[in-house]
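Each remark here refers to the structure printed beneath this line.
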DNA sequence: CAGGATCCTTGCCGATACTG
DNA sequence: CAGTATCGGCAAGGATCCTG
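Chains as they are written, first to last, in my numbering: chain W, 11 to 129; chain H, 11 to 129.
Written as structure tokens, this is what we have:
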């Protein structure tokens, strides 16, 4: 059963799905300060399995948000970097962070009040 | 296993989770144009089960994003509306939509190119 | 009308082992 | 080093039935 058509396949939803994905956001944030290798990403983003990291990187690459550069050397070396589109998306994430920092106290207060009222 | 501590419980992640939730966003968008009843939301947001709708509404209420007003009449009538905090969040969603509309063509083109390269 | 309770499926994701 | 392949657990979420 599909959700409302006015939101199922619209551009917004696709972006929302990406934004809502934990690993994707973390990768984008990490790459915001420059190129990184696979292992660097894996080490810094603690808790991510090879499977999920690869899957996330492939998805971001497919969407044109990051580039994947394979250096034909041994041992292998693969670099990941944001495209300009990816940097643009990072701008959005920064906007979200600003909003979050500005309003998290209100949200926390609301939660506390709500939970107290349920007791 | 927790993801990177610098992102697990930070304000950004909590907002990201909310933004990434399909039903929450749809509810916020629907309430952006005014107060609506439970059934109105259920009918308009096609495909949502009573369970998920209630769960979503409770979550939004707990976070102080919407208000829930029970009218003591028969048959029951419950109105939902955005708080000012919820309206502020809606502003964020609008920003995402603008970005999505502006860049979806690039993303689509990247996907097509990527898929073609795999064949 | 506005949900609460229950059951049950599915698909996401983590852990692990293996390879060019 | 940079992945791929496979298995299994677990929780989100859908369908359904029931009630104040």
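We put the CB at the ideal spot given by N, CA and C, even for glycine. In this text, all values refer to a predicted model and were calculated from it rather than measured experimentally.
- One thing to note: residue 75 (chain H) has its Cβ within 7 Å of the Cβ of residue 99 (chain H).
- At a cut-off of 7 Å between beta-carbon atoms, residue 78 (chain H) makes no contact with chain W.
- Contacts between residue 116 (chain W) and chain H, judged by CB atoms closer than 7 Å, involve 74, 95 in chain order.
- Taking a beta-carbon distance threshold of 7 Å, residue 120 (chain H) counts as an interface residue toward chain W.
- Under the Cβ distance rule, residue 60 (chain W) does not count among the residues neighbouring chain H, no pair being separated by less than 7 Å.
- The C-alpha of residue 28 (chain W) is placed about 19 Å away from the C-alpha of residue 19 (chain H).
- With a threshold of 7 Å between beta carbons, residue 110 (chain H) makes contact with chain W.
- Residue 93 (chain W) and residue 77 (chain W) do touch by the CB rule: their CB atoms are close to 6 Å apart, below 8 Å.
- Under the Cβ criterion of 7 Å, residue 124 (chain W) is counted among the residues facing chain H.
- Contact annotation for residue 88 (chain H) against chain W: no contact, minimum CB-CB distance about 16 Å [criterion: below 7 Å].
- Straight across, the Cα-Cα distance linking residue 57 (chain H) with residue 30 (chain H) is about 17 Å.
- With fewer than 16 other CB atoms across the displayed protein chains lying within 10 angstroms of its CB, residue 84 (chain W) is exposed.
- By the CB criterion at 7 Å, residue 72 (chain W) and residue 124 (chain H) fall inside the cutoff.
- Runs of the alpha helix (DSSP H) lying entirely within the region 55 to 119 of chain W, each at least 4 residues long, are 60 to 72 in chain order.
- Residue 34 (chain H) is classed as buried because its beta carbon has at least 16 other beta carbons within 10 Å across all chains shown.
- The alpha carbon of residue 51 (chain H) has as its nearest neighbour, out of H:82, H:88, H:105, the alpha carbon of H:88.
- The beta carbon of residue 34 (chain W) does not come within 7 Å of any beta carbon belonging to chain H, so the residue lies off that interface.
- For the pair residue 37 (chain W) and residue 91 (chain H), the Cα-to-Cα distance works out to about 36 Å.
- Under the Cβ criterion of 7 Å, residue 107 (chain H) is counted among the residues facing chain W.
- Proximity of residue 44 (chain H) to chain W, defined by a Cβ-Cβ separation below 7 Å, is not satisfied.
- In its chain, beyond the 5 residues on either side, 33 have a beta carbon closer than 8 Å to the beta carbon of residue 62 (chain W).
- Under the 10 Å beta carbon count, residue 110 (chain W) is surrounded by 16 or more other beta carbons and is classified as buried.
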